[in-house]
Structure formats: C-alpha cells, structure tokens
Amino acid sequence: MQRRPGFPARLPGAAAPAPVRAAAVPAAASAVPSGVGLDSAAVRARMVSKLAAGGITSAAVLQAMAAVERHRFVDSALVNQAYEDTSLPIGLAQTISKPSVVARMCELLLGAESARAQGLGRVLEIGTGCGYQAAVLSHLAREVYTVERLRALHDKARHNLRPFRLANVHLLLGDGMVGYAKGAPYAAIISAAGGEAVPQEWCDQLAVGGRLVAPMAVASGQQMLLVIDKTPHGLKQNVLEPVHFVPLKSGIA
Ligand code: SAH
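Plus 4 on top of the position in the sequence shown (first one is 1) and you've got this note's numbering.
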C-alpha cells in the first residue's frame, strides 16, 4: 500500500500564495518535504507526474496543474483526497472535476487554431463550481470568464479564489446555457456540465479559430467529450472519449 502524504486537517489561513503567473513546476517530486507548503507541492508534483504518464503532454498545462493548490478548493474533510484522480463533492450535488479531466480539457483548448498561433485569448467557462478549473485556466488564458448558475457555489468560488488574487478571472452568476455575450467572441469555450445539445449561443460566441470543449449526450444517451472548432468555413465537430459530468441546467438558483 502506498503511503499517502500527510495533509493538514486545517488549511493555513491567509497564507499569501505566490503570484500565480510566476509559479513553476516544483523542482522534483522526490524533494524531501518539510512544512505544509512543500508537502502540498510535492504531492502535487506526484499528481502531475501521473498526468504526464497518462498522456498529458502540454508543459503549460502540467505547470498550471502543479501550481494550483487543489486542496484549497475542497472541504477540509476531503483534503487528503485532493490530489487523487477523482471528482469530489463541493456541495449542492455538484462536484469538482477530476484532475485528469481538467488537464485533458485544458490541453484540448490549447490545441485550438488561434491558441496555437497566438496563445489562448479569452475563455468562457460554463460551470464555475468551486472555482478550481477557473484557477487552472487563469494560468493558460489571457482572460477567463466563468459562469455559475448556483449562487451558493458562485459565492464559494469567489471565497476560494480570493487569496489567489487572479486578476484575469471574472466570476459571473448566470445561466451559462446562453453563454455570456458581453465577453464574446471567445478563443475557447469549456463546459464543466453536460447537456443534451450544444446551445446555439455557444457557437455564436466562439471566435473563428476558436474551440469549444464540452461533455454532451450522444444518440445512445452516453455522455461524450465533444470538440467543436470554428473555422472560416464553418463548424467542425469531433466526438472523443466518454465522460461523466453533472448535468447542464437552465436558469439561476
Ligand atoms: N469547473 C468546476 C466543476 C463544477 S461542476 C470546478 O472546477 O469545480 C459543474 C458546475 O456547472 C456546477 O456547479 C453546476 O451548478 C454548473 N452548471 C450547470 N448548468 C449550468 C448553467 N446552465 N450555467 C452555469 N453553470 C451551470
């Protein structure tokens, strides 16, 4: 049985996190941890090694996953599972996505035509949840607009993200089914909730050269990861692997 690295049951209160943009991959997963901060960096580095072994090749994505402290986004009772490759409850029957899925989707966004040419510009995320993926995206994109329909989670994400002081993350309370027209056009749109069909607004709000990544139900009822590229000649769709996301719902609650 592998020894699970220790975690504080209580997280350090207002410990000032390093400015996120300056964060780098921890030097070595084998570094001897001493103290809370290093403990968490070492266990994150181990998570990142597994992501790389699992097929994530983008250095930018791996760096972002190494930098964002996932344990700060889950309830204290779940902190010791924060770096396992599993989704975890965040309240209101919603979940924080598992790290491998967050990394996979972020890597797909970076594969967009415009992102490959000039870096990832403005991103729209549907389903802020606890704010974890928005924090990861803040390392990869110039601006992140993230919409949540549940007020309590929108507030939770604001609380979770505050200490990171991410100036490029914009938290919005609203129904992401209609996108967020004011921030459009987007270089990428990413949904953390699975619907039955891609809303027209998402396609409309995507820039040419941009990419949409979303879980969507296919004919069999199975939820699959969908990638839609907006080209000068129209939309190009690819259905990738099966996934399990919470449902996309309309309205605010
Ligand atoms: N990215 C999140 C994962 C959250 S789970 C994280 O890192 O924690 C998906 C979220 O999508 C849930 O919080 C759910 O309330 C939200 N959601 C579902 N339908 C939505 C909609 N139409 N607009 C905005 N958010 C929605």
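By construction, the Cβ of each residue, glycine as well, lies at the ideal position given by its N, Cα and C atoms. Fair warning: this is a prediction, and the values are worked out from it, not measured in the lab.
Output yes or no for whether 8 Å exceeds the beta carbon distance between residue i and residue j.
| i | j | result |
| --- | --- | --- |
| A218 | L230 | yes |
| L177 | E205 | no |
| V106 | Q137 | yes |
| L113 | R50 | no |
| V247 | Q227 | yes |
| A221 | G198 | yes |
| R74 | Y87 | yes |
| L66 | V52 | yes |
| L92 | A139 | no |
| G180 | S118 | no |
| M69 | L82 | no |
| V202 | T99 | no |
| P189 | Q209 | yes |
For residue i, count the other beta carbons within 10 Å of its own beta carbon; 16 or more makes it buried, fewer makes it exposed. Which is it?
| i | result |
| --- | --- |
| P186 | With the sequence shown as reference, residue 186 is identified as Lys, and Pro is not the correct amino acid for it. Label assigned to K186: exposed. |
| A266 | Lying outside 5 to 257, the shown extent of the chain, residue 266 is not represented and no answer is given. |
| L239 | exposed |
| G58 | exposed |
| S44 | buried |
| T275 | Examination of residue 275 is not possible in this model, given that the chain is present from 5 through 257 alone. |
| R126 | buried |
| R330 | In the structure as shown, the chain starts at 5 and stops at 257, and residue 330 therefore has no counterpart that could be examined. |
| E200 | exposed |
| A71 | buried |
| E245 | exposed |
| A28 | Residue placement at A28 cannot be trusted, given a pLDDT of 43 that sits under 50; what the coordinates show is reported in the next sentence. Exposed is the call here. |
Using the C-alpha atoms, what's the distance from residue j back to residue i?
| i | j | result |
| --- | --- | --- |
| G135 | R162 | 8 Å |
| L96 | N164 | 16 Å |
| I232 | Q241 | 4 Å |
| S3 | I94 | Outside the shown range of the chain, which is 5 to 257, sits residue 3, and nothing can be said about it. |
| A13 | N84 | Because the pLDDT of A13 is 36, which lies under 50, any placement of that residue in the model is unreliable, and the number read from its coordinates should be weighed accordingly. Cα-Cα distance, rounded: 8 Å. |
| S104 | H158 | 23 Å |
| A63 | H143 | 12 Å |
| A154 | G225 | The question names Ala, yet the displayed sequence has Leu at residue 154. Roughly 25 Å separates the two Cα atoms. |
| A32 | R76 | Low local confidence applies: a pLDDT of 40 at A32 is under 50, so the model's placement there is unreliable, with the coordinate-based value given in what follows. Taking the straight line from one Cα to the other gives about 22 Å. |
| K253 | G115 | 28 Å |
| A257 | V148 | 22 Å |
| I60 | D89 | 14 Å |
| R120 | L141 | 16 Å |
| S80 | F168 | 18 Å |
At least three beta-carbon pairs within less than 8 Å, the segment 130 to 149 to the segment 191 to 203: Taking a contact to require three or more Cβ pairs closer than 8 Å, the segment 130 to 149 and the segment 191 to 203 qualify as touching.
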